[in-house]
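Count the sequence shown with our numbering and you get residues 1207 to 1550, in order.
Ideal Cβ placement from N, Cα and C applies to all residues, glycine included.
Predicted model only: the values in this text are computed from it and were never measured.
Step one of this worksheet: look at the structure below.
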Amino acid sequence: MAHNAPYKICFVPKSREEEEEDEKIYKSYEEIISKLPTVEGWSGKPVYQYQGFWYNSDLVGVGPLAVQNHFTSKPTDILLASTPKCGSTWLKSLAFAVMNRKTHLPSTHQHPLLTFNSHDLVPVLEIRLYNNNLNGNQIPNLEILPSPRLFGTHMPYTSLPQSITHSDHARIVYICRNTKDNLVSWWHFVNKIRSNISLEPIKLEEAFQWFCKGMSVFGPFWDHVLGYWKGSLERPRNVLFLKYDEMLAEPVLHLKKMADFMGCPFSLMEEKEGLVDQIIKLCSFESLSNLEVNKGGTSHLGLTYNAYFRQGKVGDSANYLTPEMIEQLDHITEQKLHGSGLTL
Ligand code: A3P
């Protein structure tokens, strides 16, 4: 795809001194990471444990540390958070379409979502912006991006910069999904990454073991979900907690809720004009997965974007998991979420 993702303007050329300074900073983060517990992970590359969560080193580099030290949120920012394979591609599309509907009508044939995959429109902080593997040790200048800014993250709530978690204004929309579908979706995705670098696929049993031990990407899954769940209870005006499964069942209700939360509610006129339905249609699995960009485009990971679109349904895990696996996962989920008020 010839188009450059819009967020790339934040990588402005720097002076030699500034470049050296950035390099020094990233080196210091690398030193910290090199002392952390590290194992060979599901993608055949090292994963390290930082502040209780597992990070894939080739996916994020030292990104999480750079985010913590350099990202400053603005009151108008919206952060779209999730653990991978919970529907972030969809959430980003919906949020982008909602936020930009005045400049980009959802019905227009020039809509950015028709040309860009949503990960290019809503960059993940630790993967696209602060990842030294990807950006040659350059700290981005996010001030240059027009407000309101939309970012994605897979970092756990407890590791987010304080400018987000302690701000009265910064808002987070979190999406989660039932444990079993998340595991099966992740397993498929891992095998796409592995086949991309000519590695044998891993068996579902193996992925299941990693997952149950909490060693899935950005895992433990349950701790990730609980962090944001607690955040949403403590700061309901700042953290909106959504479930993929419920959103698929009632998209209109949830889209309106999201728009309210994001500070751009639909007017009666917009509803009458059918904007809510138009956005849902534009962002549906069927529409997005059939676009040229998402069928043939390639992400920064070297993965074709079609890897982000598999089935888009609830309950597909039942076609893969054995009754024993289901029982074990349900048991862990019940234990982990016990007393939290959250069910998955
Ligand atoms: P399945 O593997 O179960 O099909 P993420 O976007 O966080 O990586 O999550 C990927 C999951 O969301 C995949 O689930 C994918 O098919 C589904 N998905 C992607 N786009 C979607 C859309 N527009 N609507 C609903 N689900 C979508």
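Residue range of the unbroken alpha helix (DSSP H) whose run includes residue i
{"i": "CYS1418", "result": "1410-1418"}
{"i": "ARG1377", "result": "Counting along the chain, ARG1377 falls outside any alpha helix (DSSP H), though it belongs to the beta strand (DSSP E) covering 1377-1382."}
{"i": "GLU1440", "result": "1427-1440"}
{"i": "GLY1269", "result": "1269-1276"}
{"i": "GLY1502", "result": "1498-1502"}
{"i": "ASN1402", "result": "1385-1402"}
{"i": "TYR1213", "result": "Counting along the chain, TYR1213 falls outside any alpha helix (DSSP H), and DSSP gives it neither H nor E."}
{"i": "LEU1356", "result": "Run containing LEU1356: none in the alpha helix (DSSP H); it sits in the beta strand (DSSP E), 1356-1359."}
Counted within 10 angstroms of its Cβ, other Cβ atoms place residue i as buried (16 or more) or exposed
{"i": "GLY1293", "result": "buried"}
{"i": "GLU1246", "result": "exposed"}
{"i": "GLN1316", "result": "exposed"}
{"i": "ALA1208", "result": "Legend: pLDDT at ALA1208 = 49, less than 50; position of this residue unreliable, value from coordinates given subsequently. Exposed, since its Cβ has fewer than 16 Cβ neighbours within 10 Å."}
{"i": "MET1453", "result": "buried"}
{"i": "ASN1444", "result": "buried"}
{"i": "ARG1307", "result": "buried"}
{"i": "PRO1352", "result": "exposed"}
{"i": "PRO1290", "result": "buried"}
{"i": "ILE1378", "result": "buried"}
{"i": "LEU1389", "result": "buried"}
{"i": "SER1234", "result": "exposed"}
{"i": "VAL1304", "result": "buried"}
Rounded straight-line distance, which links the Cα of residue j to that of residue i
{"i": "TYR1514", "j": "ILE1403", "result": "17 Å"}
{"i": "PRO1252", "j": "THR1539", "result": "27 Å"}
{"i": "LEU1543", "j": "LEU1432", "result": "7 Å"}
{"i": "PHE1322", "j": "PRO1329", "result": "12 Å"}
{"i": "LEU1550", "j": "CYS1382", "result": "9 Å"}
{"i": "ASN1496", "j": "GLY1358", "result": "23 Å"}
{"i": "GLU1412", "j": "THR1528", "result": "13 Å"}
{"i": "TYR1232", "j": "SER1249", "result": "24 Å"}
{"i": "TYR1254", "j": "ASN1525", "result": "32 Å"}
{"i": "GLU1225", "j": "PHE1414", "result": "43 Å"}
{"i": "PHE1302", "j": "PHE1424", "result": "24 Å"}
{"i": "VAL1396", "j": "TYR1511", "result": "14 Å"}
{"i": "GLN1341", "j": "GLY1267", "result": "According to the sequence shown, residue 1341 is Asn rather than Gln. Between ASN1341 and GLY1267, the C-alpha separation is close to 10 Å."}
{"i": "ILE1408", "j": "MET1421", "result": "14 Å"}
{"i": "GLU1229", "j": "SER1263", "result": "18 Å"}
{"i": "GLU1440", "j": "HIS1372", "result": "11 Å"}
{"i": "GLY1508", "j": "LYS1478", "result": "42 Å"}
Residue i beta carbon near ligand 1 (any heavy atom closer than 6 Å)
{"i": "ARG1516", "result": "yes"}
{"i": "THR1295", "result": "yes"}
{"i": "LYS1230", "result": "no"}
{"i": "PHE1259", "result": "no"}
{"i": "LYS1386", "result": "no"}
{"i": "LEU1527", "result": "no"}
{"i": "LEU1507", "result": "no"}
{"i": "SER1422", "result": "no"}
{"i": "CYS1216", "result": "no"}
{"i": "LYS1291", "result": "yes"}
{"i": "LEU1300", "result": "no"}
{"i": "SER1324", "result": "no"}
{"i": "PHE1357", "result": "no"}
{"i": "PHE1491", "result": "yes"}
{"i": "SER1391", "result": "yes"}
Endpoints, beta strand (DSSP E) assigned at residue i
{"i": "VAL1449", "result": "Residue identity check: residue 1449 is Lys in the sequence provided, not Val. Element bounds for LYS1449: 1445-1449."}
{"i": "ILE1284", "result": "1284-1288"}
{"i": "GLN1255", "result": "1252-1256"}
{"i": "GLU1246", "result": "1244-1246"}
{"i": "LEU1509", "result": "No beta strand (DSSP E) contains LEU1509, which DSSP labels as neither H nor E."}
{"i": "MET1467", "result": "Here residue 1467 turns out to be Phe, not Met, going by the sequence shown. Run containing PHE1467: none in the beta strand (DSSP E); it sits in the alpha helix (DSSP H), 1457-1467."}
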